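Colleague:
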Ligand SMILES: Cc1cc2nc3c(=O)[nH]c(=O)nc-3n(C[C@H](O)[C@H](O)[C@H](O)COP(=O)(O)OP(=O)(O)OC[C@H]3O[C@@H](n4cnc5c(N)ncnc54)[C@H](O)[C@@H]3O)c2cc1C
């Protein structure tokens with residue numbers, strides 16, 4: 007048998023770092039190499055869309071771990087190297103970076119995350135047009151935002167709305183252009199979409215739904231406006247395009263691994279070859295809470311990245327710990343705090359609790375008489391109650407849930423036996 | 085540099101240096117200290133960075149927001165009078181906190 011060349015983790019962000027940490031926690035003493043293409047030490051992304059108002063982004067303050075931690079854990083962190091080529095053999099394999107370095111490994115983990123979806127729009131190359139995924143994007147956007155008066159956000163998803171909320175709070179004229187008939191359509195039901203539209207409008211942001219963009223117009227190489235199919239011209243000094251992400255599957259494809267909206271893994275995080283693991287934003291996995299889609303999902307959230315990394319680390323060491331986390335998510339849009347527990351797709355009834363116009367409510371989703379999810383706006387106690395109930399397989403009967411005088415935690419019941 | 089003392093449920097103590105104004109949670113997580121999970125990274129969204137403030141350090145902490153108060157009502161380990169979410173506590177001077185038995 008060849009010497010143990012250790013584990014190579016490709017992608018050094020939430021998932022990669024947690025994978026490395028979990029390997030050590032599980033007692034793995036073999037070499038761990040964590041390689042990422044970004045120049046920075048691994049950092050958190052959520053603040054990138056929520057804390058842009060200062061004109062700069064302090065990446066060091068967002069670091070996931072100190073330099074001492076990597077040293078102390080004997081994890082070799084390599085930044086600024088993109089892996090472009092992978093080869094597998096019976097002992098493990100080797101990876102080659104764009105910079106020409108070779109990394110031998112016995113075990114391989116893919117934590118390559120996702121990249122922004124780009125829009126093939128005329129004018130997208132103009133100065134002042136931004137995408138937002140990493141700290142370098144955020145630094146450029148923050149600098150441009152500081153000097154801008156008119157800000158246009160293309161795409162009414164969470165990241166777009168977070169940036170819009172921050173820009174509006176900083177006194178910019180803000181327009182959100184959404185191609186669909188409602189905001190954040192992928193994640194919430196119509197009632198919550200309508201709340202976000204009204205709430206952002208109340209704060210002075212113009213929200214345009216069913217927007218059909220024909221092109222971005224510029225003067226002297228700098229973006230000046232967005233043209234819509236109905237002839238409307240929206241002025242813009244800064245345009246942020248936030249229309250979702252695509253999983254980074256190119257390395258998995260090189261290895262011939264199964265890929266379908268992400269790198270396909272089983273409940274243990276193992277890829278179709280039975281030995282490589284993939285986790286986080288890049289992976290497509292089975293989850294017991296998914297209804298439809300063959301019970302599979304690709305998730306983009308920090309809690310998922312952390313939990314999935316733990317599962318994958320265990321699998322690399324030969325342990326089998328099925329991933330069963332209840333999906334949950336949050337979004338911070340200025341003074342609007344949204345927390346989502348569970349997956350609402352497939353609901354057949356909703357219960358509204360609280361008052362959307364007062365920016366404090368929860369929308370509870372039911373299917374066949376049992377709670378399956380909740381969108382909670384500035385209602386942390388509701389969120390925690392629903393999250394705990396769902397994770398424990400309990401129910402919160404719909405009949406009583408609308409009464410804000412009653413606490414959801416107190417209404418939680420063991421499920422009626424079917 | 086102010087120091088934060090973290091006391092594990094079994095009594096084991098870790099003393100960590102803190103950059104002024106970083107949160108108690110961040111000090112723990114960036115040093116890989118077990119016992120603080122912080123799934124949400126510091127937005128008072130997950131209640132997995134629950135700590136008990138040791139005697140003598142409660143005064144001088146920032147007031148509790150409504151969100152923190154609501155989240156603390158649903159922590160995995162029992163809430164006590166000295167319970168706080170460590171992501172909501174910027175370090176300004178020396179501090180000692182005890183970690184709960186469970187965060188999730
Ligand atoms: C602006 C923004 C705001 C967000 N807000 C929230 C939020 O509020 N709540 C929430 O839960 N989630 C939020 N998310 C999502 C969350 O950040 C992601 O789910 C999480 O970062 C996923 O972690 P990951 O490690 O799987 O992937 P990524 O974070 O995408 O990291 C993958 C890393 O791998 C590197 N990489 C890829 N391919 C290679 C290669 N071939 N060689 C070397 N390196 C490579 C990439 O450069 C990247 O650094 C937000 C994301 C963004 C961008």
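Protein chains in written order, with this note's numbering: chain A, 7 to 424; chain B, 85 to 188.
We put the beta carbon where it would ideally sit given N, CA and C, even for glycine.
All of these numbers come straight from a predicted model, not from anything done at the bench.
Mind checking residue 84 of chain B: buried by the 16 CB within 10 Å criterion, or exposed?
Modeller: Shown here, chain B extends from 85 to 188; a query on residue 84 of chain B therefore has no answer.
Colleague: Could you tell me which residues DSSP pairs with residue 49 of chain A in its beta bridges?
Modeller: A/69, per the DSSP bridge assignment.
Colleague: Can you tell which of A/283, A/260, A/261 and A/262 has the C-alpha that lies nearest to the C-alpha of residue 271 of chain A?
Modeller: It is A/283.
Colleague: For the segment 105-116 of chain B, enumerate the residues whose C-beta is nearer than 7 Å to any C-beta of chain C, in chain order.
Modeller: Of the protein chains in this structure, namely A and B, none is chain C.
Colleague: What residue does the beta strand (DSSP E) around residue 121 of chain B start on, and which one ends it?
Modeller: Note, residue 121 of chain B: premise wrong, no beta strand (DSSP E); not H, not E.
Colleague: Output the distance between the C-alpha atoms of residue 176 of chain B and residue 103 of chain A, rounded to the nearest integer angstrom.
Modeller: Each residue's alpha carbon lies about 43 Å from the other.
Colleague: Skipping 5 residues on each side, what residues in its chain have a beta carbon closer than 6 Å to that of residue 159 of chain B?
Modeller: 131 and 134, listed in sequence order.
Colleague: Would you call the CB atoms of residue 119 of chain A and residue 286 of chain A closer than 8 Å?
Modeller: Yes, the pair counts as a contact, with Cβ atoms nearer than the cut-off.
Colleague: Roughly how many angstroms lie between the CA atoms of residue 138 of chain A and residue 319 of chain A, to the nearest whole one?
Modeller: Cα to Cα, the separation comes out at about 29 Å.
Colleague: Taking 8 Å as the cut-off, does the segment 187-201 of chain A touch the segment 229-237 of chain A (at least 3 CB pairs, one atom from each stretch)?
Modeller: The segment 229-237 of chain A, when compared against the segment 187-201 of chain A, does not touch it at the 8 Å Cβ threshold.
Colleague: Could you round the C-beta distance between residue 96 of chain B and residue 115 of chain B to whole angstroms and report it? I think they count as a contact, below 8 Å.
Modeller: The pair is not a contact, with the Cβ atoms about 14 Å apart (cut-off 8 Å).
Colleague: Any beta carbon from chain A within less than 8 Å of residue 125 of chain B's own beta carbon?
Modeller: Answer yes: the Cβ-Cβ gap between residue 125 of chain B and chain A drops below 8 Å somewhere.
Colleague: 8 Å is my cut-off, CB to CB: does residue 129 of chain B come that close to chain A?
Modeller: Cβ-Cβ to chain A under 8 Å: yes for residue 129 of chain B.
Colleague: Start and end of the beta strand (DSSP E) containing residue 362 of chain A?
Modeller: Run containing residue 362 of chain A: none; DSSP gives neither H nor E here.
Colleague: For the segment 403-418 of chain A, which residues have a CB atom closer than 8 Å to at least one CB atom of chain B, in sequence order?
Modeller: Answer in chain order: 415.
Colleague: With C-beta atoms as the reference, is residue 329 of chain A less than 8 Å away from residue 313 of chain A?
Modeller: Result yes, Cβ atoms of residue 329 of chain A and residue 313 of chain A sit closer than 8 Å.
Colleague: Using a threshold of 7 Å, is the CB atom of residue 21 of chain A nearer than that to any non-hydrogen atom of ligand 1?
Modeller: True, at least one ligand heavy atom lies under 7 Å from that Cβ.
Colleague: Could you give the DSSP three-state label for residue 369 of chain A: helix, strand or coil?
Modeller: Strand.
Colleague: In terms of residues, what are the limits of the beta strand (DSSP E) holding residue 211 of chain B?
Modeller: There is no way to answer for residue 211 of chain B, as the model of chain B reaches only from 85 to 188.
Colleague: Can a CB atom of chain A be found closer than 8 Å to the CB of residue 171 of chain B?
Modeller: Answer no: the Cβ-Cβ gap between residue 171 of chain B and chain A never drops below 8 Å.
Colleague: Name the chain A residues whose beta carbon is nearer than 9 Å to that of residue 133 of chain B?
Modeller: Those within 9 Å of residue 133 of chain B in chain A number zero; the least Cβ separation is about 13 Å.
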